[in-house]
Amino acid sequence: MRAYLDHSATTPPDPEVIGAMVEAMSPEGFGNPSSLHRLGVEAERKVRRAREQVAALLEAAPDEIVFTSGGTEANNLAAQGGARARARRGRHVLVSAVEHPSVREAAGRLADEGFRVEEVPVDREGRVLPDRLAERLRDDTVLVSVMRVNNELGTVQPVEELVRVVKERCPEALFHVDAIQAAGLTRVTPRAWGCDLLSVSAHKLHGPKGVGALWIRPGVRLIPLVRGGGQERDLRPGTENVPGIVGFGRAAELALSRRGEAPRVAQRRRRLEEGIRSRVPGVRRLGPEEEHAAPHILNLAFAGLRGEVLVHGLEAEEVYVSTGSACSSRHTGPSHVLAALGEPQEAIEGAIRFSLSPLTTEAEVDQAIDAVARTVAELRAMIG
1 MRAYLDHSAT TPPDPEVIGA MVEAMSPEGF GNPSSLHRLG VEAERKVRRA
51 REQVAALLEA APDEIVFTSG GTEANNLAAQ GGARARARRG RHVLVSAVEH
101 PSVREAAGRL ADEGFRVEEV PVDREGRVLP DRLAERLRDD TVLVSVMRVN
151 NELGTVQPVE ELVRVVKERC PEALFHVDAI QAAGLTRVTP RAWGCDLLSV
201 SAHKLHGPKG VGALWIRPGV RLIPLVRGGG QERDLRPGTE NVPGIVGFGR
251 AAELALSRRG EAPRVAQRRR RLEEGIRSRV PGVRRLGPEE EHAAPHILNL
301 AFAGLRGEVL VHGLEAEEVY VSTGSACSSR HTGPSHVLAA LGEPQEAIEG
351 AIRFSLSPLT TEAEVDQAID AVARTVAELR AMIG
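Taken in order, the sequence shown gives residues 1 to 384; the numbers are from the UniProt record's numbering.
Structure (structure tokens):
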């Protein structure tokens, strides 16, 4: 049996999502939404319905949703498009020290253009504290970006408090939230939080890869990354990925219906941690305490081992986990997220991320516990 515990990297698409996408590619559903004939009108109707479904997940209005090619593009459109649109007001940008590479590298591009980019430090749990953010705000701050749930640690950021700090000190600054790991199991409410921009991705909630969305507060202006065509309010021009968008809509609808399963997912995460720690010595949890933890992500450091070796050892046992962000796993160097916590090199090198979903079974959890215990014992025996 396979135990897939890498849902933060990607989730298997739900069969209902696949069915909706196949229908959107059928002879009756393949039209271009910009065409005026019946096939085009039907495709446009499908896109409109998906926009409503994604908006419902975010408790937002459909006309506030712009579809993109994924979470990375949504983050780049928010960060680069937002900062450039406000450049006349100032050129100071703040991002947390534990942001996803798509935000960090978008900020790096802004720095190349002359923006002053600063990182906001985090505490030992990976949280941005409001007073630390307040200390770094300036009169010329135009953009702040803080993710809701960290993809490596599962740390839940106090977004509502952070937004309040920014709006009190710099009311004209845009606040962007990367909610890609949060949407689905946790409630995501950009309007209630008071933020301006929020990114989500389909394949993190049992939808297809290659499609995401950016929620944009009414009145917020962005500079598009690409030009031509006028689709998606001229912010993401090009013929829409209708099957992907339809799949995203159905995945969002299913995620909304499954939100009540978060306590069960958290219980299985705790079962996994307790089972491993009871059978494997020299294991330490990295990141948040339970109070500040998302229900589905667990990061454990195994003393004396290298994470990538343990990943491959578990793969041989049909247990699939990761060492951290899939988007940076091919890069060299240690995890910037764990480094931001001040963790020692040994812990960073020996860290493994387990990530669950509502589809994760107790049998998968128990299989993972057994496999980790055996694999760690074998590896430690080999190295003496």
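Yeah, the Cβ is synthetic: ideal placement off N, Cα and C, and Gly gets one too.
Collapsing the DSSP output to three states places VAL142 in a strand. Using a Cβ distance threshold of 9 Å, ILE352 and LEU310 count as a contacting pair. The residue among GLU135, ARG268, ARG116, GLU261 with its C-alpha nearest the C-alpha of GLU168 is GLU135.
The Cβ neighbour count for ALA363, taken over all protein chains shown within 10 Å, is under 16; the residue is labelled exposed.
Closest by C-alpha distance to GLU118, out of VAL93, PRO130, GLU105, is VAL93. By the neighbour-count criterion, in which a residue is buried when 16 or more other Cβ atoms sit within 10 angstroms of its Cβ, GLN345 is exposed.
As DSSP reads the structure, ILE216 sits in a beta bridge with LEU197. The segment 302 to 309 makes no contact with the segment 286 to 294, as fewer than three CB pairs between them are under 8 Å. Under the 8 Å Cβ criterion, the segment 226 to 242 does not count as touching the segment 102 to 122, having fewer than three qualifying pairs.
For GLU119, the enclosing beta strand (DSSP E) stretches over residues 116 to 120.
Given a length threshold of 3 residues, each whole run of the beta strand (DSSP E) inside the segment 201 to 261 is given here in chain order: 212 to 216.
For ALA56 against LEU256, the beta-carbon gap comes to about 6 Å, under 8 Å, which counts as contact. In the displayed model, VAL376 falls within a helix according to three-state DSSP. Excluding residues up to 5 positions away in sequence, LEU58, ALA179, ALA182 lie with their Cβ nearer than 6 Å to the Cβ of VAL188 in the same chain. Comparing C-alpha distances from GLY304 to each of MET382, ASP123, GLN367 shows the shortest one belongs to MET382. The alpha-carbon of ASP123 is positioned some 19 Å away from that of ARG164. For the 9 Å CB-CB criterion, THR141 and LEU359 do not form a contact. With respect to the 9 Å criterion, THR186 and VAL128 are not classified as neighbours on the basis of their beta carbons. In the three-state scheme derived from DSSP, where H, G and I count as helix and E and B as strand, ILE180 is classed as coil.
Separation of the CB atoms of LEU286 and LEU356 is rounded to 17 Å, and the pair is thereby denied contact status at 8 Å. Beta-bridge partners assigned by DSSP to ILE297: SER355. For the 9 Å CB-CB criterion, LEU77 and LEU214 form a contact.
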